[in-house]
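In our numbering, the protein residues as written are 7 to 89.
What follows is a short report on a single structure.
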Amino acid sequence: MEDESKRFGLNVYKTLGSSYALGCILAKHLNIDIVDIDLATVDSKLDKPLVFATATVGNHGIGVAWAAQKIEQKAVIFQKVPC
């Protein structure tokens, strides 16, 4: 297992996978190759931001939120609230 905790200064270990997943979803949605995903391309091809959602209690949610913010999209992270 690769330690990604220092990647991007987030101190979480699932940033790379979350970023790649969002890139794959955007590429499929826009019908383009993942290597062509960048902010300018996403901005020019989307009328409005997409909303990415995940259910998590930690690192994965931080990674999804960070990646969505970097490409000017939205993210909703559902967490279990202790009773």
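Quick reminder that beta carbons are idealized off the backbone N, C-alpha and C, glycines included.
Checklist entry - Ordered along the chain, which non-local residues of its own chain (more than five positions away) have a Cβ less than 6 angstroms from that of I43? => result If we look at I43 and ignore the five residues flanking it on each side, its Cβ neighbours are G29, L32, A33.
Checklist entry - So, K54 versus L36, is the Cβ gap smaller than 9 angstroms? => result Annotated as distal: K54 and L36, with beta-carbon spacing of 9 angstroms or more.
Item to check | Same chain only: Cβ atoms within 7 angstroms of L45, ignoring 5 sequence neighbours per side | outcome: I77, E78.
Next on the checklist: Quick check on DSSP: helix, strand or coil for I68?
Outcome noted: Note: I68 maps to helix in three-state DSSP.
Next on the checklist: Which of the three DSSP states is assigned to V41 in this structure?
Outcome noted: Reduced to three states, the DSSP call for V41 is helix.
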